[in-house]
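Peer 1:
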Amino acid sequence: MTPSEDLHRAAPGRRRDAVRNQRALLDAAGAVFATSGVDAPVREVAAAAGVGVATLYRHFPTRAELVVAVYRHQIDACAAAGPDLLASASSPFAATLAWVHQFVDFLGTKHGLGRVWEGDAAGFTALHTLFVERLVPVLGELLDASRAAGEVVAPVTPYQLLRAVGDLVAWAPTDPEYDVRHMVTLLVGGLRQALPEGWDAVLASRA
18 MTPSEDLHRA
28 APGRRRDAVR
38 NQRALLDAAG
48 AVFATSGVDA
58 PVREVAAAAG
68 VGVATLYRHF
78 PTRAELVVAV
88 YRHQIDACAA
98 AGPDLLASAS
108 SPFAATLAWV
118 HQFVDFLGTK
128 HGLGRVWEGD
138 AAGFTALHTL
148 FVERLVPVLG
158 ELLDASRAAG
168 EVVAPVTPYQ
178 LLRAVGDLVA
188 WAPTDPEYDV
198 RHMVTLLVGG
208 LRQALPEGWD
218 AVLASRA
């Protein structure tokens with residue numbers, strides 16, 4: 018029986034406690050992986066979550082299961098954050114910028130994921146597909162709202178923007194002089210401006 022099946026069959030009270038423990042583990046693991054990488058000792062994750070190592074292994078018997086669960090958990094959190102930010106931020110553009118920075122946090126835990134899935138290309142591809150299918154529409158809604166408010170005018174698709182942010186984040190772990198959040202903010206701020214005159218034709222000629 019898998020951990021999720023065991024959780025589903027548990028009594029309601031125990032199930033709620035298990036869900037809380039699981040979420041605490043996933044949040045703690047995400048923070049640990051962001052600073053120490055996916056190879057961080059499991060005892061570090063357990064300590065950050067305030068649970069014992071045995072509890073961690075009861076929920077996630079292998080490191081791969083833990084890493085993938087963190088990845089899925091953070092995709093869900095990013096997806097849910099889009100509508101919440103649109104409802105609470107001062108403007109659609111502010112919501113978009115805040116969401117992109119949350120996406121940057123998510124990408125911080127993604128480094129090293131490929132090593133976990135060595136030998137399982139299909140599993141890694143399925144996770145990437147989930148990432149695209151869940152997050153591209155969320156960013157699309159944020160950009161549409163920003164355009165409707167006249168706050169975003171640059172011609173960019175949500176997928177292109179996600180890829181651009183991902184490329185900027187990729188430099189962060191290897192260069193202490195590089196401020197990824199500053200660069201991401203400049204990138205998103207540039208969406209407020211149209212392309213310089215004549216560049217539509219230049220870009221079209223290179224497509």
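Okay, so the sequence shown: first residue is 18 according to the working numbering, each after it adds one.
We put the CB at the ideal spot given by N, CA and C, even for glycine.
1) Using CA atoms only, rank isn't needed, just tell me which of Arg33, Ala63, Gly69, His118 is closest to His199.
2) Among Leu42, Ile92, Val155, which one has its Cα closest to the Cα of Val70?
3) Counting C-beta neighbours from all protein chains within 10 Å, is the total for Tyr88 16 or more, i.e. buried, or is it exposed?
4) Can Val169 and Val121 be called in contact, C-beta distance under 8 Å?
5) Which residue marks the beginning of the alpha helix (DSSP H) containing Leu102, and which one marks its end?
6) Can you list, in chain order, the residues of its chain with a C-beta nearer than 6 Å to that of Thr146? Leave out the 5 residues immediately preceding and following it.
7) Ends of the alpha helix (DSSP H) at Leu185?
8) Below 8 Å CB to CB, which residues in the same chain sit around Ala166 once its five sequence neighbours on both sides are set aside?
9) Would you kindly report the start and end of the unbroken alpha helix (DSSP H) that includes Val59?
10) Alpha carbon to alpha carbon, how far is Gln39 from Val76? Give it in angstroms, no decimals.
11) Give me the Cβ distance between Gly46 and Val62, rounded to the nearest whole Å; I'm assuming they're in contact under 8 Å.
12) In whole angstroms, give me the CA-to-CA distance for Val173 and Glu82.
13) Given a cut-off of 8 Å, decide if Val49 and Arg80 are closer than it, judged by their beta-carbon atoms.
Peer 2: Checking against the coordinates, here is how it stands:
1) Along the sequence shown, read from residue 1 onward, the residue named residue 199 stands at position 182. Nearest option by C-alpha distance: His118.
2) Counting from one through the sequence shown, the residue named residue 70 turns up at place 53. Nearest option by C-alpha distance: Leu42.
3) Along the sequence shown, one-based indexing puts residue 88 at 71. It counts as buried.
4) Numbered from 1 along the sequence shown, position 152 holds the residue referred to as residue 169. Numbered from 1 along the sequence shown, position 104 holds the residue referred to as residue 121. No, Cβ-Cβ distance for Val169 and Val121 is not below 8 Å.
5) Here residue 102 corresponds to residue number 85 of the sequence shown, with the count starting at 1. It spans 80 to 105 - the alpha helix (DSSP H) in which Leu102 sits, taken as one unbroken run.
6) Residue mapping note: residue 146 aligns to position 129 of the sequence shown, counting from 1. No residues qualify anywhere along the chain.
7) Residue 185 sits at position 168 when you count from the first residue of the sequence shown. Counting along the chain, the alpha helix (DSSP H) containing Leu185 begins and ends at 175 to 187.
8) On the sequence shown, residue 166 is found 149 positions in, with the first residue counted as 1. Correct list, in chain order: Ser108, Pro109, Phe110.
9) Along the sequence shown, one-based indexing puts residue 59 at 42. Here the alpha helix (DSSP H) through Val59 covers 59 to 66.
10) Here residue 76 refers to the residue found at position 59 when the sequence shown is read from its first residue. Here residue 39 refers to the residue found at position 22 when the sequence shown is read from its first residue. For the sequence presented, residue 76 should be read as His rather than Val. Cα to Cα, His76 sits roughly 7 Å from Gln39.
11) The count along the sequence shown starts at 1 and reaches residue 46 at position 29. The count along the sequence shown starts at 1 and reaches residue 62 at position 45. With the sequence shown as reference, residue 46 is identified as Ala, and Gly is not the correct amino acid for it. Between Val62 and Ala46 the Cβ distance is about 5 Å, and since that is below 8 Å, they are a contact.
12) Translated into the one-based positions of the sequence shown, residue 173 becomes position 156. Translated into the one-based positions of the sequence shown, residue 82 becomes position 65. Near 35 Å, if we compare the C-alpha coordinates of Glu82 and Val173.
13) Within the sequence shown, numbered from 1, the residue matching residue 80 stands at position 63. Within the sequence shown, numbered from 1, the residue matching residue 49 stands at position 32. No, the Cβ-Cβ distance between Arg80 and Val49 is not below 8 Å.
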